[in-house]
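Peer 1: As given, the protein sequences belong to chains A and B, one line each in that order.
Going letter by letter, the first sequence gives residues 1 to 380 in the working numbering.
Going letter by letter, the second sequence gives residues 381 to 700 in the working numbering.
For each residue, glycine too, the CB sits at the ideal point set by N, CA and C.
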Amino acid sequence: MEERVIEREFGELAINMGPQHPSTHGVFRLELHLRGETVVKVTPHIGYLHRGVEKLSETLEYDMLPPIYERDDYLSPTANSLAFVLAVEKLAGIEVPRRANYLRVITAELQRLASHLVWLGTFGLDLGGSLGGGSTLFLYCFRERERIMDLMETLTGTRFHTNMNQIGGVRYDVYDGFDRDVFKTLDYLEKRISEYKEMLENNPIFLERTKDVGIVPQELAKEVGASGPVLRASGVAYDIRKNKPYSAYQEFNFQVPVGNKGDAYDRYTVRLKEMKESLSIVRQSLGGLPEGPIHSRKPVKTPSLFKTPKGEAYAAVESPRGELGVFLVSDGSSKPYRVKVRSPSFSNIAIIPHILPGHLVADAVTILGSLDPVFGDVDR
Amino acid sequence: MTFAESVSHGAILLGAIIGVVTYLTWVERKFSGRLQSRIGPYLVGRPHGWLQPIADALKLLSKEDITPTKTDRFLFNLAPIWVVVMSLLGFAFLPLTINWVLVNIDLGLLYFSAIGSLIVIGVFIAGWASNNKYALLSALRAAAQIVAYEVPLLLSLLVPAVLAGSLNFQDIILAQEKYWFILFPVVGQISGITFLLAALAEGNRIPFDLSEAESELVAGFNIEYSGMKFAYFYLGEYAHLLAVSILVSILFLGGPLGPLLSGGVWIALKTLIVFLIVLWIRWSFLRLRIDQMMMLNWKVLVPLTLGNLLVAGLWVSLSR
Chain A
1 MEERVIEREF
11 GELAINMGPQ
21 HPSTHGVFRL
31 ELHLRGETVV
41 KVTPHIGYLH
51 RGVEKLSETL
61 EYDMLPPIYE
71 RDDYLSPTAN
81 SLAFVLAVEK
91 LAGIEVPRRA
101 NYLRVITAEL
111 QRLASHLVWL
121 GTFGLDLGGS
131 LGGGSTLFLY
141 CFRERERIMD
151 LMETLTGTRF
161 HTNMNQIGGV
171 RYDVYDGFDR
181 DVFKTLDYLE
191 KRISEYKEML
201 ENNPIFLERT
211 KDVGIVPQEL
221 AKEVGASGPV
231 LRASGVAYDI
241 RKNKPYSAYQ
251 EFNFQVPVGN
261 KGDAYDRYTV
271 RLKEMKESLS
281 IVRQSLGGLP
291 EGPIHSRKPV
301 KTPSLFKTPK
311 GEAYAAVESP
321 RGELGVFLVS
331 DGSSKPYRVK
341 VRSPSFSNIA
351 IIPHILPGHL
361 VADAVTILGS
371 LDPVFGDVDR
Chain B
381 MTFAESVSHG
391 AILLGAIIGV
401 VTYLTWVERK
411 FSGRLQSRIG
421 PYLVGRPHGW
431 LQPIADALKL
441 LSKEDITPTK
451 TDRFLFNLAP
461 IWVVVMSLLG
471 FAFLPLTINW
481 VLVNIDLGLL
491 YFSAIGSLIV
501 IGVFIAGWAS
511 NNKYALLSAL
521 RAAAQIVAYE
531 VPLLLSLLVP
541 AVLAGSLNFQ
551 DIILAQEKYW
561 FILFPVVGQI
571 SGITFLLAAL
581 AEGNRIPFDL
591 SEAESELVAG
601 FNIEYSGMKF
611 AYFYLGEYAH
621 LLAVSILVSI
631 LFLGGPLGPL
641 LSGGVWIALK
651 TLIVFLIVLW
661 IRWSFLRLRI
671 DQMMMLNWKV
681 LVPLTLGNLL
691 VAGLWVSLSR
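#1: For the 8 angstroms Cβ check, are there 3 or more pairs between the region 322-340 of chain A and the region 547-567 of chain B?
#2: How far does the alpha helix (DSSP H) with F327/A in it reach, from first residue to last?
#3: Considering just the uninterrupted stretch of the alpha helix (DSSP H) at A92/A, what are its terminal residues?
#4: Using DSSP's beta-bridge definition, name the partner residues of V339/A.
#5: With H, G and I counted as helix, E and B as strand and the rest as coil, what does DSSP make of E31/A?
#6: Considering only DSSP beta bridges, list what Y314/A is partnered with.
#7: Residues of the region 650-681 of chain B with a CB closer than 9 angstroms to any CB of chain A: list them in chain order, please.
#8: Is the beta carbon of R145/A closer than 8 angstroms to that of M152/A?
#9: Is the beta carbon of L137/A closer than 8 angstroms to that of R710/B?
#10: If I follow the unbroken alpha helix (DSSP H) through T156/A, where does it start and stop?
#11: If I follow the unbroken alpha helix (DSSP H) through L125/A, where does it start and stop?
#12: Can you tell me which of the three DSSP states H295/A falls into?
#13: Can you tell me whether D486/B is buried or exposed? The criterion is at least 16 other CB atoms within 10 Å of its CB, across all chains shown.
#14: Would you mind reading off the limits of the alpha helix (DSSP H) that contains P532/B?
#15: Are three or more beta carbon pairs between the region 450-458 of chain B and the region 503-514 of chain B nearer than 8 angstroms?
#16: Can you tell me which of K197/A, H45/A and S345/A puts its alpha carbon nearest to the alpha carbon of M275/A?
#17: Can you pull the DSSP bridge partners for A45/A?
#18: Closest to G358/A by C-alpha separation, out of G18/A, L220/A, S23/A and E37/A, would be which residue?
#19: How big is the Cα-Cα spacing for L139/A and R667/B?
#20: Contact criterion: CB-CB distance below 8 angstroms. Does Q720/B meet it with respect to chain A?
#21: Pull up the distance between the alpha-carbon of A14/A and that of V341/A, whole angstroms please.
#22: Please check the pair E58/A and Y337/A, which I expect to be a contact at CB under 8 angstroms, by giving their CB distance rounded to whole angstroms.
#23: Take the Cβ of V88/A as the centre, count every other Cβ of all protein chains shown within 10 Å, and call the residue buried at 16 or more, exposed below.
#24: Which of the three DSSP states, helix, strand or coil, is assigned to A384/B?
#25: Do L49/A and G376/A have their beta-carbon atoms positioned less than 8 angstroms apart in this structure?
#26: Quick one: which chain B residues come within Cβ less than 7 angstroms of G134/A?
#27: Rounded to a whole number of angstroms, what is the C-alpha to C-alpha distance between I526/B and P532/B?
#28: Cβ atoms of L125/A and S595/B: under 8 angstroms apart, would you say?
#29: Answer with buried or exposed for T162/A, where buried requires no fewer than 16 other C-beta atoms within 10 angstroms of its C-beta.
#30: Buried or exposed: E385/B, going by 16 or more other Cβ atoms within 10 Å of its Cβ?
#31: Using DSSP with H/G/I as helix, E/B as strand and the rest coil, what is S699/B?
#32: Rounded to the nearest angstrom, what separates T302/A and N80/A at their Cα positions?
#33: What residues in its chain sit with their C-beta under 7 angstroms from that of F613/B, if we drop five residues either side in the sequence?
#34: Roughly how many angstroms separate the alpha carbons of R418/B and S135/A, rounded to a whole number?
#35: For the beta strand (DSSP E) that I15/A lies in, which residues bound it at each end?
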């Protein structure tokens, strides 16, 4: 009898957060062990969105693959296909025209803005719920994102999975007046972003909920292989656009924002500053857009004719979530022998079991939201 | 009033409240829509979706009445009824014009707050009877919250009572003939604001809607409820919100007092303004965490309201 009482007093409540849960950002399951409201143990379970993209790649020709990679991380499609085409170009030794590189940068940065806007909106939902101020922020952010989607639609005919990148260049050239449309959108976004910055950073509830929550120490971030804003918020100035430039990033002038503490608030500030940098990169690249062809090889008619030499290559890009790498092994045929995607979200959510214990249940949602995982990217 | 008269008045009041509450959901949806640069309901009943609440009610009525197997059947079905009954009971004591009040008793204010705090028992029953871990956590939160916020709620409610020298609603209204209590320097404003905050916490509204907390607890105590039972919780929540809005307008804004227009119109106007302020807060704030909420309560609101009550008492006894 006595033992039972003790067991009840010190018992843990195991609770399944997910896979169907409003704030796990997709299909993700957190097995939480609670003592009162405090998390004592957490086991993340992934794999609910596994689509076998890597295996699928072994059965398709190279030119068929970029659109499939765009479905990987469904918030920043071009970053994914960009990593893949960069790897193929590296392996096959294909030169990309300068204009194509600029166009790749423009679309990638516009989609980074869109992705970060989605993040900011859903972070609001995590903090304030879908039936309150959070949803207001969410709808504002989606309204802004809509402008970018419109731009993409006029440029490529598709709002989201633009299919912009192809091996050897890009598929679509800009139309007359594209720069005018973009500049107008950028000015609009800049105004709005400053507005949200002011709105959130003067909001005591937002500060209370994010400051000192989910601190990721620098060593831990390095150990689990975190990258992107999560790593930079912990104070490591590592950005592939700066450290190992690809496409045309070496030609532009931009800062790499860094946090110092590594809490949720730092991750928020880093992302917000990054959005401002993205605005500046798009302005620079559109201002100096060189003339010339947009691809160095003919668009595909028979994909099986395109073969890569035997060998392997790794190319990484800075996606909105971090280092997105594609490792490609070729046996000389028209299909890849093996593809491995190094997805940033996968490494980033590896932080969760290290930092979650000791926080309250509400913080679990904040921390997960601040890591910005995309489960299409985690499970591939 | 004879017994028959009371019953008929009560029935009229009940119908009116349920009608008003139904349309308050429409007001909220339109208001939040404008706030979020949306249109809100539009298509059901043009213009501006004025039939939307009725369509919603019909939908909820036509849904299957589910009682999950592993629940405590009796308590599970009792909880929504409890919440609605307790929310509606409070209206009996509220004067809607100076002379029109269903039950006029000297301790009206005390009765009202006593019944208001009974609502949470329904929430707790719901969370316990659902046999669901999320609901259980939510019920525990609701209980902790109500115990904490009842203190500043009552302390700030007492200020108008002290200023008026009575717990009777009519006396409190008549005492505001010269000026409204919200205009009473410092004391009135502090008690008005703290009362609104505590009432938000008591009524489970953002930023204090921790027991509903859909981002972590999915839907909290009403996670297992659907159809009409869910609608009862909704009705209860809005009825309570309406009662609180009326209470604020009576205690702090002079209630039915005002020039030119009749008392009923004035109280309706003031109630609507208070209600919109509550909505404005809801749709622009994020949610607090449980520990932060407790901190706000015990370290800020309780000392503040206690001191405020003391000042009000001193003021009244010295100026007499």
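Peer 2: To lay it out plainly:
#1: In this structure the region 322-340 of chain A does not lie against the region 547-567 of chain B, because fewer than three pairs of beta carbons, one per stretch, are closer than 8 angstroms.
#2: Within the first sequence, residue 327/A is the residue found at index 327, counting from 1. First-last for F327/A: G322 to S330, but that is the beta strand (DSSP E), not the alpha helix (DSSP H).
#3: Along the first sequence, one-based indexing puts residue 92/A at 92. That run of the alpha helix (DSSP H) goes P77 to A92.
#4: Start at 1 with the first residue of the first sequence, and residue 339/A comes out as number 339. For V339/A, which the question treats as bridged, DSSP gives the partners L328/A.
#5: In the first sequence, the residue the question calls residue 31/A occupies position 31. Looking at E31/A - three-state DSSP - the assignment turns out to be strand.
#6: Looking up residue 314/A in the first sequence gives position 314. DSSP lists F327/A as partners of Y314/A.
#7: When CB distances to chain A are screened at a threshold of 9 angstroms, the residues of the region 650-681 of chain B falling below it are I661, R662, W663, S664, F665, L666, R667, L668, R669, I670, D671 and Q672, in chain order.
#8: What you label residue 152/A is simply residue 152 of the first sequence in a count that begins at 1. What you label residue 145/A is simply residue 145 of the first sequence in a count that begins at 1. Going by C-beta atoms, M152/A is not nearer than 8 angstroms to R145/A.
#9: Outside the modelled stretch of chain B, which goes from 381 to 700, sits residue 710/B, for which no answer is possible.
#10: Translated into the one-based positions of the first sequence, residue 156/A becomes position 156. Start and end: G133 to T156.
#11: On the first sequence, residue 125/A is found 125 positions in, with the first residue counted as 1. Run containing L125/A: R98 to G128, per the alpha helix (DSSP H) assignment.
#12: Residue numbering aside, residue 295/A sits at position 295 when the first sequence is read from its first letter. Note: H295/A maps to strand in three-state DSSP.
#13: Walking along the second sequence from the start, residue 486/B turns up at place 106. It is exposed - the Cβ of D486/B has fewer than 16 other Cβ atoms within 10 Å.
#14: Start at 1 with the first residue of the second sequence, and residue 532/B comes out as number 152. Taken as a continuous stretch (DSSP letters only), the alpha helix (DSSP H) holding P532/B covers K513 to A544.
#15: When C-beta atoms of the region 450-458 of chain B are compared with those of the region 503-514 of chain B, three or more pairs fall below 8 angstroms, so the two segments count as touching.
#16: The residue you call residue 275/A lines up with position 275 of the first sequence. The shortest Cα separation from M275/A among K197/A, H45/A and S345/A belongs to K197/A.
#17: Your numbering for residue 45/A matches position 45 in the first sequence. At residue 45/A the sequence reads His, which differs from the Ala that was named. H45/A is bridged to R29/A.
#18: Here residue 358/A refers to the residue found at position 358 of the first sequence. Looking at the Cα atoms, E37/A is the closest of the given residues.
#19: In the first sequence, the residue the question calls residue 139/A occupies position 139. In the second sequence, the residue the question calls residue 667/B occupies position 287. Cα to Cα, the separation comes out at about 17 angstroms.
#20: Nothing about residue 720/B can be reported from this structure: the residues present for chain B run from 381 to 700 only.
#21: By one-based count along the first sequence, residue 14/A stands at place 14. By one-based count along the first sequence, residue 341/A stands at place 341. Using only the alpha carbons, I get a separation of about 33 angstroms.
#22: What you label residue 58/A is simply residue 58 of the first sequence in a count that begins at 1. What you label residue 337/A is simply residue 337 of the first sequence in a count that begins at 1. Indeed they touch by this definition, with Cβ atoms about 7 angstroms apart.
#23: As a working mapping, residue 88/A is identified with position 88 in the first sequence. With 16 or more other Cβ atoms within 10 Å, it is buried.
#24: In the second sequence, counting from the first residue as 1, residue 384/B sits at position 4. Helix, per DSSP.
#25: In the first sequence, counting from the first residue as 1, residue 376/A sits at position 376. In the first sequence, counting from the first residue as 1, residue 49/A sits at position 49. Yes; because the gap between Cβ atoms is below 8 angstroms, this pair is in contact.
#26: Here residue 134/A refers to the residue found at position 134 of the first sequence. Result: L666.
#27: The residue given as residue 526/B occupies position 146 in the second sequence. The residue given as residue 532/B occupies position 152 in the second sequence. Going from the Cα of I526/B to the Cα of P532/B covers about 11 angstroms.
#28: Against the second sequence, residue 595/B aligns to sequence position 215. Against the first sequence, residue 125/A aligns to sequence position 125. Their beta carbons are under 8 angstroms apart, which means S595/B touches L125/A by this criterion.
#29: For the purposes of this step, residue 162/A is identified with residue 162 of the first sequence, where counting begins at 1. Result: buried.
#30: Residue mapping note: residue 385/B aligns to position 5 of the second sequence, counting from 1. By the 10 Å Cβ count, E385/B comes out exposed.
#31: Here the question's residue 699/B lines up with position 319 in the second sequence. Three-state result, S699/B: helix.
#32: Counting from one through the first sequence, the residue named residue 302/A turns up at place 302. Counting from one through the first sequence, the residue named residue 80/A turns up at place 80. If you take the alpha carbons of T302/A and N80/A, they lie about 23 angstroms apart.
#33: Taking the second sequence and counting its residues from 1, the one referred to as residue 613/B is at position 233. Counting only Cβ-Cβ distances below 7 angstroms, and skipping sequence neighbours, we find P460, V463, N602 and Y605.
#34: Stepping through the second sequence from its first residue, residue 418/B is reached at position 38. Stepping through the first sequence from its first residue, residue 135/A is reached at position 135. Looking at the two C-alpha atoms, the distance is approximately 12 angstroms.
#35: To locate residue 15/A, count along the first sequence from 1; it is residue 15. Where I15/A is concerned, the enclosing beta strand (DSSP E) stretches over L13 to M17.
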